[in-house]
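K.L.:
Residue numbers for the sequence shown follow this note's numbering, beginning at 709 and rising by one.
Note that beta-carbon positions come from the ideal geometry of N, C-alpha and C, so glycine has one too.
My structure is below; once you've seen it, I'll send some questions.
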Amino acid sequence: MPLYKKAMQFDPKNLENMTYDECYELLLCFRYLQFRNDATVASQVIGNHMEAIRKRIINLKGTANYQNII
Numbered sequence: 709m710p711l712y713k714k715a716m717q718f719d720p721k722n723l724e725n726m727t728y729d730e731c732y733e734l735l736l737c738f739r740y741l742q743f744r745n746d747a748t749v750a751s752q753v754i755g756n757h758m759e760a761i762r763k764r765i766i767n768l769k770g771t772a773n774y775q776n777i778i
């Protein structure tokens, strides 16, 4: 699935099941959307999603999932 479509269909309820890589990909997508001021998604929604993803990434940093990446 293209990353833009993935970002547009993002549901915060699925965040707990996402891996570090998936979270990082989505964070980059939302940063891109924020940078280009995409009118299809409100900037407040983008900011809220980015904050939730950042928290998930911080939670994953101590897990084996994150350690396997390094």
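(1) Determine the burial state of I766: buried for a count of at least 16 other Cβ atoms within 10 Å of its Cβ, exposed for fewer.
(2) When you compare each of M726, F743, Y712 and F718 to L768 by their alpha carbons, which one comes out closest?
(3) Can you tell me whether A750 is buried or exposed, with buried defined as 16 or more other CB within 10 angstroms of its CB?
(4) Output needed for L723: all residues of its chain with C-beta closer than 8 Å, excluding positions within five of it in sequence on either side, in chain order.
(5) Have a look at P710 and C737 and give me their C-alpha separation to the nearest angstrom.
P.N.:
Checking against the coordinates, here is how it stands:
(1) It counts as exposed.
(2) Out of M726, F743, Y712 and F718, M726 has the C-alpha closest to the C-alpha of L768.
(3) A750 should be labelled exposed.
(4) Same-chain partners within the cutoff: C731, A760, I761 and R764.
(5) Taking the straight line joining both Cα atoms gives about 10 Å.
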